[in-house]
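One structure is given below, encoded as structure tokens.
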Amino acid sequence: MAIIIAGALAGVFIYSSSSNTEQVFVVSRDLARGDVISQTDLSTLDIAEGQSTQGIAVANSSDVIGQVATVDLPKGSMVTKSALASALSVPEGKALVGLSLKPAQLPAQALVAGDRVAIVPVATDAAAAGDSAAVTGVVSDTTHDDAAGTTIVDVYVSETTAADLTSRASAGAVAIYLTPEEK
Numbered sequence: 809m810a811i812i813i814a815g816a817l818a819g820v821f822i823y824s825s826s827s828n829t830e831q832v833f834v835v836s837r838d839l840a841r842g843d844v845i846s847q848t849d850l851s852t853l854d855i856a857e858g859q860s861t862q863g864i865a866v867a868n869s870s871d872v873i874g875q876v877a878t879v880d881l882p883k884g885s886m887v888t889k890s891a892l893a894s895a896l897s898v899p900e901g902k903a904l905v906g907l908s909l910k911p912a913q914l915p916a917q918a919l920v921a922g923d924r925v926a927i928v929p930v931a932t933d934a935a936a937a938g939d940s941a942a943v944t945g946v947v948s949d950t951t952h953d954d955a956a957g958t959t960i961v962d963v964y965v966s967e968t969t970a971a972d973l974t975s976r977a978s979a980g981a982v983a984i985y986l987t988p989e990e991k
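Following the working numbering, the numbering of the sequence shown begins with 809 at its first residue and continues without gaps.
What follows is the structure in structure tokens.
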């Protein structure tokens, strides 16, 4: 009789444990910062209901689909509100500058979001050769333009240097290099 009661109690426990779950979103593939999230990028994970988590419940899919990832999300990462936005924002006091660079103007190592870089004016004539003050920045995103043979690097820089840097970049008169990470 005790075995029957113990078996029944175990069955009730297993049933109640499995039926009190909540599904939250996880990413089904690696997503890079700036990627727009679609339904095909998502999978679900069952967690115990009431468990403390910042994951977004599947019932709230409209809070996820169509949003932009604000950080890199490796496959299997739980999707949280802090990792999403309607668009990437430019930090206060910064500007986002796009640089279209040929292979000789940037490192061979692929640049990724968060890399610290220095952007150096390239002398276009002998008179400008001494003007080489570097502008520091942080990479926001990179894309490749295969047709033009260039890499477009979006970089956050100080607002005060953005206009001059944009002018030089549009003339193809800048190069970029990686700098050490801040500690």
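Even glycine gets a Cβ: it sits at the ideal position worked out from N, Cα and C.
In three-state terms, what does DSSP make of residue i?
| i | result |
| --- | --- |
| glycine 980 | coil |
| lysine 889 | helix |
| proline 911 | helix |
| serine 836 | coil |
| leucine 987 | The sequence shown places threonine at residue 987, not leucine. Of the three classes helix, strand and coil, the one that applies to threonine 987 here is coil, per DSSP. |
| valine 820 | Per-residue confidence for valine 820 stands at a pLDDT of 47, beneath the threshold of 50, marking its modelled position as unreliable; the derived number appears in the next sentence. Residue state, collapsed to three classes: helix. |
Compute the Euclidean distance between the alpha carbons of residue i and residue j, then round it to the nearest angstrom.
| i | j | result |
| --- | --- | --- |
| alanine 931 | alanine 981 | 7 Å |
| aspartate 923 | threonine 950 | 11 Å |
| aspartate 972 | methionine 886 | 41 Å |
| leucine 914 | valine 866 | 42 Å |
| leucine 850 | leucine 839 | 10 Å |
| valine 832 | aspartate 880 | 18 Å |
| isoleucine 845 | serine 870 | 11 Å |
| tyrosine 985 | isoleucine 927 | 7 Å |
| serine 890 | valine 872 | 11 Å |
| proline 911 | leucine 853 | 42 Å |
| aspartate 843 | serine 894 | 11 Å |
| alanine 970 | asparagine 828 | 54 Å |
Measure how close the beta-carbons of residue i and residue j come, nearest whole angstrom, since I'm counting them as under 8 Å.
| i | j | result |
| --- | --- | --- |
| glycine 874 | valine 834 | About 18 Å separates the two Cβ atoms, so there is no contact after all. |
| glycine 863 | glutamate 967 | In fact, because the Cβ distance is near 36 Å, the residues do not count as touching under 8 Å. |
| alanine 921 | valine 947 | 6 Å |
| threonine 861 | isoleucine 855 | 6 Å |
| leucine 909 | threonine 958 | 6 Å |
Just reading off the beta strand (DSSP E) that residue i is part of, what are its end residues?
| i | result |
| --- | --- |
| serine 851 | 850–856 |
| arginine 841 | Segment: none, arginine 841 is in no beta strand (DSSP E) and carries neither H nor E. |
| threonine 950 | 943–953 |
| serine 966 | 958–966 |
* Asked: Would you say the stretch 962–969 touches the stretch 905–922, given that touching needs at least three Cβ pairs under 8 Å?
  -> yes
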